[in-house]
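Below you'll find the structure, written out as structure tokens, and then a few comments.
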Amino acid sequence: MTDPSMAQGQGFLSLRGLTKRYAGFTAVDNLDLEVPRGELVAFLGPSGCGKTTSLRMIAGLVPATAGQIVVGGQDLTAVQTHRRDMGLVFQSYALFPHMSVAKNVAFGLEMRKVPKDEIAKRVREAIALVHLSGKEEHRPAQLSGGQQQRVALARALVIRPSILLFDEPLSNLDAKLRDEMRNEIRDIQQRLGITAIFVTHDQSEALTMCDKVVVMNQGRLEQIGTPVDLYERPRTPFVASFVGRTNRLKAVAKDGVAEFAGLRIAAPAGLSGPVEVMVRPHRVTLAPSVGGEGVTGTVMRAIFAGDILQYDVDVAGQTVSVELATRGGETVLAPGTMVALAWRPQDIFVYGAAA
Ligand SMILES: Nc1ncnc2c1ncn2[C@@H]1O[C@H](COP(=O)(O)OP(=O)(O)O)[C@@H](O)[C@H]1O
Ligand SMILES: [Mg+2]
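The sequence shown begins at 0 in numbering that gives the first Met the number 0 and counts up one residue at a time.
In structure tokens form, the structure reads like this:
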């Protein structure tokens, strides 16, 4: 609120028409983005969609072909990396193997000619922040992967960057550590109120850690929103299927009404022709069919997975996956059982099918 750049209705970090072209190939296409101060924003998308290239342009490690990078009202597009005041954390920790933890963390401050006692104090604080106190004299090889990633985080934080940039920092960690580091990174980012970009191909990381998520597809921004926005109101089939899991069913629409298995579903106004109807498996309810009303189908496959009971149901030649949370005592319906499916209108998305 006191941030003058916010008063102009802009973010602390602004990307304006950011573009990267390689010979005959556009890796990042006209990216516009406003990141308010103190937010953690995910760049989410499949491998090759341009996440790393975008991040490296922000850091100044890759020159932009076109567009602008503005931080706190200052245009940094032509400013060199080491003057951009950004902290970087990579998937490979990129630590100096021959240096102690403390030396690794101190390195950026020594480069910046910060006075010795100030360095000692800040290194101590950064190491405490990532819970590595007592490990100052260890070498990277004497630490676990998670601890090495903490050193990398401390090294990025110690320079007190205006922006923190993460590129898939958790991909090399095992599942349990990954969850732990997720919480820790989020916690530190919020405590310091630091603005950060978090690149990931893992939708659950993006949803669980970040204030906003930028979904990227083939170099373009597909949708930006809060995790709830993206999950509940995906604007494109790509977002609907990349963020969370979904059934993709073929249907035909006429004048804004799609028909699926005898059910009439509201489609975007005026939409006619082939459409895709999407509904998430756990938003479908299922009951043995009596009287054949509603959407009926036949159980093809039933899988009891402990916490969920999963059915593949054939509905007029298409498969609808259904996931039911188990509560104990349910009967698993046998293949061949006739069932009725139902869902709430707000859980259905209809998109015009690509030609
Ligand atoms: N130096 C380069 N020359 C040509 N193409 C590149 C170069 N760097 C990246 N690319 C291409 O740009 C696209 C985006 O890459 P990248 O940003 O690394 O994707 P992501 O991080 O989302 O997996 C990819 O198709 C990649 O092959
Ligand atoms: Mg990448």
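Glycine included, each C-beta is placed from N, C-alpha and C at the ideal position.
Remember, it's a predicted structure, so these values are computed and weren't measured experimentally.
Spatial neighbours of residue i within its chain, please: CB distance less than 6 Å, with the 5 preceding and 5 following residues excluded, ordered by chain position.
i	result
Arg234	Gln222
Lys253	Ser271
Gly255	Ala266, Ala268, Gly269, Leu270
Arg83	Gly59, Leu75
Ala151	Val88, Tyr92
Gln7	Residue confidence for Gln7 is low, a pLDDT of 47 falling below 50, so the modelled location carries little weight and cannot support an answer.
Arg177	Leu169
If you measure between the beta carbons of residue i and residue j, is that distance less than 9 Å?
i	j	result
Phe390	Gln202	Residue 390 lies beyond the residue range present for the chain, which begins at 0 and ends at 354; the question has no answer from this structure.
Val338	Gly296	yes
Leu12	Val69	yes
Asp311	Val321	yes
Val349	Ile264	yes
Pro160	Val100	no
Thr207	Arg181	yes
Gly86	Leu163	yes
Val289	Gly335	no
Leu248	Glu231	no
Leu172	Gln148	yes
Thr64	Lys19	yes
Gln146	Leu131	yes
Can you list, in chain order, the residues of its chain with a C-beta nearer than 7 Å to that of residue i? Leave out the 5 residues immediately preceding and following it.
i	result
Gly224	Lys211, Val212
Val78	Gly59
Val198	Phe42, Lys50, Thr51, Leu54, Phe165, Asp166, Glu167
Gly218	Thr25, Ala26, Val27, Asp28, Cys48, Gly49
Arg279	Gly243, Arg244, Thr245, Asp346
Gln90	Asp166, Glu167, Pro168, Ser170, Asn171
Arg190	none
Among the options, which one has its Cα closest to the Cα of residue i?
i	options	result
Leu229	Asp346, Leu14, Thr52, Arg55	Asp346
Pro344	Asp311, Ala239, Arg282	Arg282
Glu136	Thr25, Leu54, Met98	Met98
Leu14	Pro62, Gly66, Cys48	Gly66
Leu32	Gly23, Ile57, Ala26, Phe95	Ile57
Pro273	Ala105, Val104, Phe259, Glu183	Phe259
Arg154	Gly316, Met110, Arg177, Ser46	Met110
Glu329	Ala286, Leu340, Gln90	Ala286
Ala315	Leu94, Cys209, Val294, Gly10	Val294
Pro366	Trp342, Gly192, Val104	The question about residue 366 has no answer, for the chain in this structure spans 0 to 354.
Thr80	Gly71, Pro62, Phe95	Pro62
Ala250	Gly351, Arg326, Leu142, Arg20	Gly351
Thr325	Gly144, Gln317, Thr284	Thr284
Gln317	Met277, Ala105, Ala353, Gly71	Met277
Val373	Glu124, Ala301, Pro96	Nothing about residue 373 can be reported from this structure: the residues present for the chain run from 0 to 354 only.
In the DSSP assignment, find the unbroken beta strand (DSSP E) run with residue i in it and report its ends.
i	result
Asn29	24-34
Ala140	Unbroken run through Ala140: none, as it is neither H nor E.
Ser320	317-324
Phe348	347-351
Glu38	Note, Glu38: premise wrong, no beta strand (DSSP E); not H, not E.
Phe165	162-166
Asp84	Where Asp84 is concerned, there is no enclosing beta strand (DSSP E), given that its DSSP letter is neither H nor E.
Gly296	294-303
Glu258	256-259
Leu17	12-21
Here's the rule I'm using: 16 or more other beta-carbon atoms within 10 Å means buried, otherwise exposed. How should residue i be labelled?
i	result
Phe303	exposed
Gln73	exposed
Lys175	exposed
Pro226	buried
Glu179	exposed
What span of residues does the alpha helix (DSSP H) with residue i cover, start to end?
i	result
Ile158	Looking at the DSSP string, Ile158 is not in any alpha helix (DSSP H), and its letter there is neither H nor E.
Arg181	174-191
Asn103	100-110
Thr51	50-58
Lys115	115-128
Ser203	202-208
Ala239	236-241
Tyr230	226-231
Closer than 8 Å by C-beta to residue i: which residues in its own chain qualify, once you throw out the five before and the five after it? Chain order, please.
i	result
Leu108	Glu117, Ile118, Arg121, Val122, Val157, Ile158
Val214	Leu43, Gly44, Leu220, Glu221, Gln222, Ile223, Leu229, Phe237, Val238, Phe241, Val242
Ala195	Glu38, Leu39, Val40, Ile162, Leu163, Leu164, Phe165, Gln188
Leu340	Val283, Thr284, Leu285, Gly293, Val294, Thr295, Gly296, Val312, Val314, Val319, Val321
Ile307	His281, Glu322, Leu323, Ala324, Thr325
Phe106	Phe95, Met98, Arg154
Under 8 Å: does the beta carbon of residue i sit that close to some heavy atom of ligand 3?
i	result
Glu322	Because ligand 3 does not appear in the structure shown, any question about it cannot be addressed here, the ligands present being ligand 1 and ligand 2.
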